[in-house]
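*Asks:*
2 protein chains.
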Amino acid sequence: MKSDIEIAQAAEPWPIEKVAAAADFQPEEVLPYGREKAKIERKEPVDRDQFGKLVLVTSINPTPAGEGKSTVAVGLADAMQQAGQRTMLALREPSLGPVMGMKGGATGGGYSQVIPMDDINLHFTGDFHALTVAQNTLVALIDNSIYQGNPLNLDPRQIIVKRVLDVNDRDLRHIVIGLGGRTSGVPREGSFEITAASEMMAILTLSTDLADLKRRINRIVVGYTYDRQPVTVAELGVGGALATLLKDAILPNLVQTISHTPALIHGGPFANIAQGTNSIQATQLALQQADYTVTEAGFGADLGGEKFLDVKTPLLGKHPDAIVVVATVRALKMHGGLAKDQLDHEDLDALHKGLANLGRHLHSMKRYGIPVVVAVNRFTNDTEAELQMVVDYSNEHDVPAYPADVWGQGGNGARELAAGVIAAADQPANFTPLYEPTDDVETKLNRIVTQIYGGQGVELEPKAQKQLRQLVDQGWDHLPVIVAKTQYSLTDDAKRLGAPTDFKIHIREFVPKLGAGFIVAMAGSILTMPGLPKHPAAEKIEITDDGTISGLY
Amino acid sequence: MKSDIEIAQAAEPWPIEKVAAAADFQPEEVLPYGREKAKIERKEPVDRDQFGKLVLVTSINPTPAGEGKSTVAVGLADAMQQAGQRTMLALREPSLGPVMGMKGGATGGGYSQVIPMDDINLHFTGDFHALTVAQNTLVALIDNSIYQGNPLNLDPRQIIVKRVLDVNDRDLRHIVIGLGGRTSGVPREGSFEITAASEMMAILTLSTDLADLKRRINRIVVGYTYDRQPVTVAELGVGGALATLLKDAILPNLVQTISHTPALIHGGPFANIAQGTNSIQATQLALQQADYTVTEAGFGADLGGEKFLDVKTPLLGKHPDAIVVVATVRALKMHGGLAKDQLDHEDLDALHKGLANLGRHLHSMKRYGIPVVVAVNRFTNDTEAELQMVVDYSNEHDVPAYPADVWGQGGNGARELAAGVIAAADQPANFTPLYEPTDDVETKLNRIVTQIYGGQGVELEPKAQKQLRQLVDQGWDHLPVIVAKTQYSLTDDAKRLGAPTDFKIHIREFVPKLGAGFIVAMAGSILTMPGLPKHPAAEKIEITDDGTISGLY
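Here the protein sequences come in this chain order: A and B. Residue numbers for the first sequence follow numbering that gives the first Met the number 0, so the first one is 0 and each next one is one higher. Residue numbers for the second sequence follow numbering that gives the first Met the number 0, so the first one is 0 and each next one is one higher.
As structure tokens, then:
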């Protein structure tokens, strides 16, 4: 059996100019990056009246068994394109750190991949690197301001922006910087996050244009003065330089699937610490060019799904016309109590138990008033009885469900799913937001916990209570709330699978991200800098003397 | 008067495909990065029999008055091209950190610039960012190995590779990492350097192809075991992954001057801590395509010049056919004792004193048996008497000298210089290396100090003496030596300008860079991570809503 990278390398990509022309981009809009990648520079503002339909792909809570959300999104788009619909993908860029750590890029798999998979998983067009430099330049400028006499009266103990790397590097989570005497800075505690977790990433992906990007960068709260007043980038006077560093990164990237369906891949914020979806600009561009745009949101429907609908949708000016919830028999059996090494045999009891997790997400997504479809991503060992049980369960919840073999067959394996999604998107929607911007922070949090996670409500720990009062004092409580919690569970305990209901979500602290335009509510101990495993994927990656890569997943 | 960026923005660049075609690159060798940049991918090995002539541009010791070496290199190449010679530039990529700190990119100035100057000074084609990720991935893998049980018995106090950022960030010079308890790494002292100072950068620029790159990466000594045995990347088993991260960065970048002379700009190692020249691959490619290749080396002839001739030349398989030493009246007057605010008026006494610095470099460069030419880079306030004094002084040393107004007139301002350089390159050369590889480290150092710097010899401090014995024990003493010293003086004291002779160079420590293939001898306190000034250039950089940049130098 061929590996993902072997399949991708055997594909016959169109020149990117041909992909662009097929997607109705004008030649002057296309900035090539090599033969198979391009950035798209559109000068005119988007015209929302021309928007096509939007399909959001989300999933059950992920498990180590894998749910294959990106793979389904790619296969679904290929199937819709092959069914004669003008279709475009709008996906996130993978983060390089995890590619070198745990195997698993984010370019789909098997015969449902976007290509060139190696480039996309490595440096792509440099967007993450530009963000890394912009964020690090900002923090260096802050520390330099403190060093050069501290004219803004910044409290070194209250700097809240962090340096970043697109590397999994746990040793940089907690560090002390500025040691070495008078000429080498001012000592303080510091920290690095992974680039995907940075506020710069959230800002880039939520900006509607360069002017909006500049405004947002200038609004970033970098920290507080000794008398607890917030200090912004505007006060540092470096918003122009930081926006300049992102002038190319803000342009969406065009690639193709193995079957030549155009794909805009742009931005990659995490779905716990940030909104977890691709950029507003790329999504709007796709909506304008295509009749159907297939997009996805990070982690499960509780994290990326909710954030897409409550945070991105208002800025996008367009709600999804259909929501696809991806599930696999294997992952559902893990939610039903099986371990990863017990999944290869039929187990209808475990599957039945685990279906509660799917049920919770169907309930949550239907709540928004948008038609929902289940995609059952087929794996080799799935039995017909198991697949049928997922379909029956979904149908009992008034949701159509379609098994799809996108890994093995690409778009051909998702014909029925595509027809079902097109039918769903043709149904009338009655989009109902979860909360109003004017609701207070606790109301927003309680809605998310009770209506989306299925829990009993939210509890603020003492530090968070105190911070909430400060948020209200600053007038920041009208912003949307981003819950940063584990992706593995509906609760804030990664080990509680299935669909618990007897839980509250405990908010440890709030982090204002004024540039991104949201308040992050930290539930439990969320790591914003991953570590490497005992045997990192880097140990398997090789390149031949003539440049052929192997071992990249 | 227009600023550099305004002149660059007003230029009318050719599409990069046209530049490539004019330089005889085949269409299939050209990988475009936007409209005005490309990477060149040549499949066939270079043919040294086809090499054209090579002109090395170097300079006196730099001063705050500016010597304009890159500007002269660009203007000279334009003048040679306009004189009907097939000419190509082979230059270094600028480091982004200093662009945000002190004003001053590295793309020339006035009407002698390579374009697009903003892109080249910012992210260009991402080479520095790929190097940053490769170096940081390596160090993260090392710390992870220690964290995961330390199978290689690495001593956390003896890790010699450092993380890097392409940001001026003094607070990262001396840090403590791995704090925060059992799950966040193993505490140790750490440090960040600027990317240009990294061994990855030195390796990329000295590699002849991808196979050589892999070999060199695997040879990097990352640190030592508790019993003082060196540990290499090969033992970590991640050389393939690191080479994969550099698969695009190793390809030379093609751009053009304002006058459409083709320019390969590739790699940017510092000339103190590393060899300070552009890549072997780009230089060889230029030599193969053009009749004249104009290249430069960082800082003065004592640093970049010596390293080009003793470290790069043997790997390149080609020595320069002519060496151009750039001087300015203003800088020479500073070497003669004037302060920066005293340079606007004629001062023949100070100039006469300062000419000793030029004399030293002429002596050093002539020593290699290669014809030498002086380029006097004209500034507005230079008087004819001052210019004539520099010309006369050079001629007395049997070196032709030509004033050139490259800033104000581009190639037109360097016609006589170009004719003189072409004439010099036609003279027979008798290249005489400074030392043999088999010479011991102290012999190499003494040759550099006495014959290039004009000093009395070298003195090893106790730590360096001890390290030298270890170098010999490991069999590493046959490698070339890179002296890391201040660029401002021939001595290791930045304040001693002119041409002192009563000095020794004090070596504080040695750093083996086995991947790059040299031993660094640290003289004095060389900073490998710059800081930001009180008013960083970032405060002046702006971008309009439609993407026009200002304030970038």
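Quick reminder that beta carbons are idealized off the backbone N, C-alpha and C, glycines included. Owing to the predicted nature of the structure, the values given are computational and were not obtained by experimental measurement.
Check whether the Cβ atoms of methionine 521 (chain B) and alanine 483 (chain B) sit closer than 7 Å, and answer yes or no.
*Replies:* Yes; because the gap between Cβ atoms is below 7 Å, this pair is in contact.
*Asks:* Let me check understanding here. Comparing Cα to Cα, which of A:Leu30, A:Gln450, A:Thr327 and A:Ala10 lies closest to glutamate 16 (chain A)?
*Replies:* Among A:Leu30, A:Gln450, A:Thr327 and A:Ala10, the Cα nearest to that of glutamate 16 (chain A) is on A:Leu30.
*Asks:* I'd like to know if methionine 79 (chain A) contacts chain B, where contact means its C-beta is closer than 7 Å to some C-beta of that chain.
*Replies:* Taking Cβ atoms only, chain B never reaches closer than 7 Å to methionine 79 (chain A), which makes this a no.
*Asks:* Name, in chain order, the residues that DSSP records as bridge partners for threonine 276 (chain B).
*Replies:* According to DSSP, which records beta bridges pairwise, threonine 276 (chain B) is partnered with B:Ala296.
*Asks:* Identify each residue in the region 10-43 of chain B for which the Cβ-Cβ distance to at least one residue of chain A is less than 7 Å, and report them in chain order.
*Replies:* From the region 10-43 of chain B, only Leu30, Pro31, Tyr32, Gly33 and Arg34 have a Cβ closer than 7 Å to chain A.
*Asks:* When you compare the CB of histidine 265 (chain A) with every CB in chain B, is at least one pair closer than 7 Å?
*Replies:* No, histidine 265 (chain A) lies away from the interface with chain B (no Cβ there is under 7 Å from its Cβ).
*Asks:* Are the region 139-147 of chain B and the region 441-454 of chain B touching by the rule of at least three beta carbon pairs closer than 8 Å?
*Replies:* Counting Cβ pairs under 8 Å, fewer than three are found: no touch.
*Asks:* Okay, do the region 386-395 of chain A and the region 524-541 of chain A touch, 3+ Cβ pairs below 8 Å being the bar?
*Replies:* Taking 8 Å as the limit for Cβ pairs, the verdict is that the region 524-541 of chain A does not touch the region 386-395 of chain A.
*Asks:* For phenylalanine 517 (chain A), write down the residues that DSSP places opposite it in a beta bridge.
*Replies:* A:Lys512, per the DSSP bridge assignment.
*Asks:* Is the beta carbon of alanine 374 (chain B) less than 7 Å from the beta carbon of valine 71 (chain B)?
*Replies:* A contact, by the Cβ cut-off of 7 Å.
*Asks:* With distances taken Cα to Cα, identify the nearest neighbour of methionine 200 (chain A) among A:Ser94, A:Asp142 and A:Lys36.
*Replies:* That would be A:Ser94, whose Cα lies nearest to the Cα of methionine 200 (chain A).
*Asks:* Excluding the five sequence neighbours on either side, which residues of its own chain have a C-beta within less than 7 Å of the C-beta of aspartate 439 (chain A), listed in chain order?
*Replies:* Excluding residues within five positions, the ones whose Cβ falls inside 7 Å are Asp476.
*Asks:* At what residues does the beta strand (DSSP E) containing valine 448 (chain B) begin and finish?
*Replies:* Unbroken run through valine 448 (chain B): none, as it is neither H nor E.
*Asks:* Rounding to the nearest angstrom, what Cα-Cα distance links isoleucine 216 (chain A) and alanine 105 (chain B) in this structure?
*Replies:* Distance between the alpha carbons of isoleucine 216 (chain A) and alanine 105 (chain B): 28 Å.
*Asks:* Just checking my contact of isoleucine 540 (chain B) with glycine 409 (chain B) at CB under 8 Å: how many whole Å lie between their CB atoms?
*Replies:* Not confirmed; about 25 Å, so no contact.
*Asks:* For chain B, check one thing: does any of its Cβ atoms lie closer than 7 Å to the Cβ of serine 183 (chain A)?
*Replies:* Yes, because at least one Cβ of chain B sits closer than 7 Å to the Cβ of serine 183 (chain A).
*Asks:* Please report the straight-line C-alpha distance between glycine 516 (chain B) and threonine 86 (chain B), rounded to a whole angstrom.
*Replies:* Glycine 516 (chain B) and threonine 86 (chain B): Cα-Cα distance of roughly 31 Å.
*Asks:* When you compare the CB positions of arginine 169 (chain B) and glycine 184 (chain A), do they come within less than 7 Å of one another, or not?
*Replies:* Contact flag set, yes.
*Asks:* Can you tell me which of A:Thr276, A:Pro155, A:Ile525 and A:Lys36 puts its alpha carbon nearest to the alpha carbon of leucine 315 (chain A)?
*Replies:* When each option's Cα is compared against that of leucine 315 (chain A), the closest is A:Thr276.
*Asks:* Work out the CA separation of valine 175 (chain A) and lysine 555 (chain B) for me, nearest whole Å.
*Replies:* Chain B is shown from 0 up to 552; residue 555 (chain B) falls before or after that span and cannot be answered.
*Asks:* Just checking: is the beta-carbon of glycine 179 (chain B) within a distance shorter than 7 Å of some beta-carbon in chain A?
*Replies:* Closer than 7 Å: yes.
*Asks:* Work out the CA separation of isoleucine 159 (chain A) and asparagine 167 (chain B) for me, nearest whole Å.
*Replies:* Their Cα atoms are separated by approximately 20 Å.
*Asks:* Please list the partners that aspartate 340 (chain B) has in chain A, where partner means a Cβ-to-Cβ separation under 7 Å.
*Replies:* The premise fails here: aspartate 340 (chain B) is roughly 23 Å from chain A at the closest Cβ pair, so nothing lies under 7 Å.
*Asks:* Return the residue from the list A:Glu188, A:Thr294 and A:Gly358 that minimises the CA-CA distance to asparagine 394 (chain A).
*Replies:* When only C-alpha atoms are compared, the closest one is A:Gly358.
*Asks:* Locate the alpha helix (DSSP H) running through aspartate 425 (chain A), then write down its first and last residues.
*Replies:* Run containing aspartate 425 (chain A): 414-425, per the alpha helix (DSSP H) assignment.
*Asks:* Using a Cβ cut-off of 8 Å, pull out every chain B residue sitting near threonine 207 (chain A), in sequence order please.
*Replies:* Residues of chain B passing the Cβ test: none, with the nearest at roughly 12 Å.
*Asks:* Looking at chain B, is there any beta carbon in it that lies within less than 7 Å of the beta carbon of glutamine 469 (chain A)?
*Replies:* No, its Cβ sits nowhere closer than 7 Å to a Cβ of chain B.
*Asks:* Provide the residue span of the alpha helix (DSSP H) that contains methionine 101 (chain B), from first to last.
*Replies:* Here methionine 101 (chain B) belongs to no alpha helix (DSSP H), and DSSP marks it neither H nor E.
*Asks:* Could you work out which residues of chain B lie near leucine 95 (chain A), taking near to mean beta carbons separated by less than 7 Å?
*Replies:* Result: Val132.
*Asks:* Select from B:His122, B:Pro313 and B:Pro115 the residue whose C-alpha is nearest the C-alpha of methionine 99 (chain B).
*Replies:* When only C-alpha atoms are compared, the closest one is B:His122.
*Asks:* Give the interface partners of glutamine 147 (chain A) over in chain B, defined as CB-CB distance under 9 Å, in chain order.
*Replies:* Correct list: Leu531, Pro532, Lys533 and His534.
*Asks:* Measuring CA to CA, which of B:Pro155, B:Ala195, B:Asp211 and B:Gly180 is closest to arginine 227 (chain B)?
*Replies:* With distances taken between Cα atoms, arginine 227 (chain B) lies closest to B:Pro155.
*Asks:* Taking asparagine 167 (chain A) as the query, report the chain B residues whose CB atoms sit under 7 Å from its CB, ordered along the chain.
*Replies:* Per Cβ cutoff of 7 Å: Ala139.
*Asks:* Between valine 73 (chain A) and glutamine 288 (chain A), what straight-line distance do the alpha-carbon atoms span, to the nearest angstrom?
*Replies:* If you take the alpha carbons of valine 73 (chain A) and glutamine 288 (chain A), they lie about 17 Å apart.
*Asks:* Among the residues of its own chain, which have a CB less than 6 Å from the CB of leucine 308 (chain A), if the five just before and after it don't count?
*Replies:* Tyr367, listed in sequence order.
*Asks:* Hey, quick one: how far does the beta strand (DSSP E) through glutamate 188 (chain A) stretch, first residue to last?
*Replies:* Segment 187-189, the beta strand (DSSP E) holding glutamate 188 (chain A).
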